[in-house]
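The sequence shown begins at 3 in our numbering and counts up one residue at a time. From the three backbone atoms N, C-alpha and C, an ideal C-beta is built for every residue, glycine too. Only one structure is covered here, and it is reproduced in the block below.
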Amino acid sequence: SLLLSRKKNGSQLTPAGQQIYQQICGILAGFSELKLAVSSGRSIVRIGLTNTLATNLFPRVLTESSFLRDFPKVDLEIIEGEPHELVGMLQSRVDFAVGPKDISNGIESRPLCEWKRVLLYSRRTTYRHDFSQTASIETIREWIREENLMIPSHLIIPKLSRFLKPMLAGRIIIVPQAAVRRLWVERGLGIAISYEEKRRMSNANDPVGTIDLSKTLGTTEMHLYKRTDAELSEAANFLVQAVTTIFSREPLDELPGRRL
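And the structure:
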């Protein structure tokens with residue numbers, strides 16, 4: 003296929019040419035990093051994560067494992083991206099990635115766990131309706147119409163369009179990052195539909211309450227994606243195992259001070 007297209011005002015790369023150019027840039031960057039690693043005795047592990055996982059999960063990997071102690075000469079780089087961007091990162095930018103199954107484009111992956119899809123509300127905010135009270139799904143669908151509702155892209159939750167009714171006094175605010183949706187709920191900006199962000203037991207002191215919508219909206223399957231064109235380093239494999247261990251835990255395993 004053609005790599006360049008010629009026009010009156012010059013030449014430009016075709017999509018195929020752009021793809022090859024990006025691959026070459028990745029290879030050259032890899033050589034540069036290898037030279038730096040050899041000269042300094044250090045190496046680096048790059049991990050692709052969504053904003054939520056970078057905020058909530060990865061700090062736990064570092065604090066609950068012995069990685070920082072066992073690999074003093076290994077640097078880390080977290081590269082954030084939306085779910086659909088993570089697979090593309092595997093081609094050159096990261097060693098492995100963690101994200102929802104929604105990002106799967108034929109790339110081999112390892113299932114980690116399922117997270118519930120929930121409605122988030124602030125326990126410290128007065129809404130038009132009391133979301134802390136037990137209510138039917140149909141009642142909740144009506145209540146939602148009168149609040150500011152933060153949601154992800156409809157591509158993330160395919161059933162969302164059918165679930166939501168036309169808004170009345172409320173409005174929809176599309177916020178891609180799940181961690182940001184939770185933060186906005188904490189600040190009293192409205193309610194949100196998201197996936198469950200923490201595999202921990204329910205805590206009455208948590209400022210954000212949840213209502214399980216999984217029976218209606220389904221669950222989010224979290225997967226681990228690895229590069230298939232290169233062997234992972236010992237440090238990267240350690241982190242893969244640490245991530246897998248944390249995700250495989252049940253809420254009852256989430257005890258204070260527990261380490262991997």
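- Valine 63 is positioned such that its CB atom lies closer than 8 Å to that of alanine 244.
- In the DSSP assignment, arginine 119 falls within the unbroken beta strand (DSSP E) covering 111-124.
- In the displayed model, glycine 90 falls within a helix according to three-state DSSP.
- Under the criterion of beta carbons closer than 8 Å, valine 210 and arginine 189 do not qualify as touching, at roughly 11 Å.
- With fewer than 16 other Cβ atoms inside 10 Å of its own Cβ, glutamate 233 counts as exposed.
- With a beta-carbon spacing of about 7 Å, serine 155 and isoleucine 176 fall inside the 8 Å limit used to define contacts.
- As the crow flies, the alpha-carbon of serine 163 is around 41 Å from that of isoleucine 26.
- Restricted to the segment 151-187, the beta strand (DSSP E) segments that are unbroken, complete and at least 3 residues in length are 173-176, listed in chain order.
- Taking the Cα of glycine 50 as reference, the smallest distance to any Cα among Pro17, Ser67, Val89 is reached at Val89.
- In the three-state DSSP reduction, proline 85 falls in the helix class (H, G or I).
- In terms of Cβ geometry, phenylalanine 69 and leucine 241 form a close pair [threshold 8 Å].
- Of the other Cβ atoms in all chains shown, 16 or more fall within 10 Å of the Cβ of leucine 121; this residue is therefore buried.
- In the DSSP assignment, threonine 212 is bridged to Leu122.
- Distance from threonine 246 to arginine 119 at the Cβ level is roughly 22 Å; contact not present, criterion being Cβ atoms closer than 8 Å.
- Less than 8 Å divides the Cβ of aspartate 97 from the Cβ of alanine 238.
- With distances taken between CA atoms, threonine 218 lies nearest to Ile159 out of Met224, Asn150, Ile159, Lys228.
- Arginine 143 carries a helical assignment under DSSP once its states are collapsed to helix, strand and coil.
- Annotated three-state conformation of lysine 103 is helix, per DSSP.
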